[in-house]
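What follows is one structure encoded as structure tokens, with my remarks underneath.
Numbering (UniProt numbering), first residue to last: 1 to 297.
Printed below as a string of structure tokens:
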């Protein structure tokens, strides 16, 4: 493999024998700087790598369309799904529980947009910070919310400020820090306490810590927050239209099932767990929408 070519670009269908898979594993370890403690651990991780390789091949072979997302051998390729879940996701929640809690916690907002633009991307408006890495901490709920807070602050004030996820993890006592929370917990906490510090003043550590909120000045404030009107009877079309209209106002914090999202490399995500009604385990930020050859995303 040439030095300027990533292992993500390799045709994985060619690696079928154990010898070929072992050679591919060596390339992958070199690319990601992976070094194990001993030969036993190396053999165990090779077995995990092989299982993930088979899963990735199967999923790519059964893509729903040419635009569907593609999986690849990224930095997670030697980690089991169970380990990944413990590192990055929170315990799964029933979506009904989330709807009930959110509808009780948030003011509900009905939105309509009869003639929305064909596409929208808040990244091009300069209101989105660089992608952040949550590390080995189930704090996606905090990152999703801070992304929305950063964006609305930039939209209103014209200043893009990276705020502190760590302050929320340490101080939002209604959530469980690295063990998970809901995306409305940060909004609640910021409105109740009067603001949030910058990431520089209260840096991220990817672990639970003691709250230092009173010691750190607030840099960004929000007065209130709204949730979309979604009920147990809402259809997918109704929910998608409401979400599109909301996204035109600002980037939106949303929940998802991310179990088959770890090996994502490119394409329109339409994973097998996309429509699962019972497993909410991660939170992300919607920054826009578009379509590709008639496929909306």
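Glycine residues also receive a C-beta, built at the ideal position from the N, C-alpha and C atoms.
Which residues share a DSSP beta bridge with residue i?
i, result
"residue 252", "286"
"residue 70", "266"
"residue 295", "292"
"residue 9", "According to DSSP, residue 9 bridges with nothing at all."
"residue 114", "Per DSSP, none; premise fails for residue 114."
"residue 163", "198"
"residue 120", "289"
Return yes when the Cβ of residue j is within less than 9 Å of the Cβ of residue i, no when it is not.
i, j, result
"residue 213", "residue 178", "no"
"residue 280", "residue 69", "no"
"residue 287", "residue 251", "yes"
"residue 91", "residue 206", "no"
"residue 53", "residue 12", "yes"
"residue 56", "residue 31", "no"
"residue 160", "residue 191", "no"
"residue 270", "residue 211", "no"
"residue 290", "residue 118", "yes"
"residue 73", "residue 282", "no"
"residue 50", "residue 25", "yes"
"residue 184", "residue 149", "no"
"residue 228", "residue 239", "yes"
"residue 147", "residue 253", "yes"
"residue 202", "residue 132", "no"
Since residue i and residue j are thought to touch, with beta carbons under 8 Å apart, how far apart are those beta carbons, to the nearest angstrom?
i, j, result
"residue 59", "residue 71", "5 Å"
"residue 141", "residue 181", "4 Å"
"residue 46", "residue 22", "7 Å"
"residue 295", "residue 256", "The pair is not a contact, with the Cβ atoms about 19 Å apart (cut-off 8 Å)."
"residue 48", "residue 79", "7 Å"
(request) Quick one: which unbroken alpha helix (DSSP H) runs of 4-plus residues sit fully inside the stretch 179 to 219? Chain order, please. (result) 184 to 193
(message) Using 8 Å as the cut-off, can you tell me whether the stretch 187 to 197 makes contact with the stretch 164 to 171, which would need three or more C-beta pairs spanning the two stretches below that distance?
(response) The stretch 187 to 197 and the stretch 164 to 171 touch, with no fewer than 3 CB-CB distances between them shorter than 8 Å.
(message) Assess contact between the stretch 148 to 167 and the stretch 199 to 218, defined as three or more Cβ pairs (one per stretch) separated by less than 8 Å. Is contact present?
(response) yes
(message) Under 8 Å, with one C-beta from each stretch per pair, do the stretch 109 to 126 and the stretch 241 to 252 reach the 3-pair mark?
(response) yes
(request) Jot down the residue ranges of each uninterrupted alpha helix (DSSP H) in the UniProt domain "Cathepsin propeptide inhibitor" (25 to 84), minimum 4 residues, whole runs only, in chain order. (result) 39 to 61
(message) If contact is defined by three or more beta carbon pairs under 8 Å, each pair taking one atom from either stretch, is the stretch 254 to 265 in contact with the stretch 147 to 157?
(response) no
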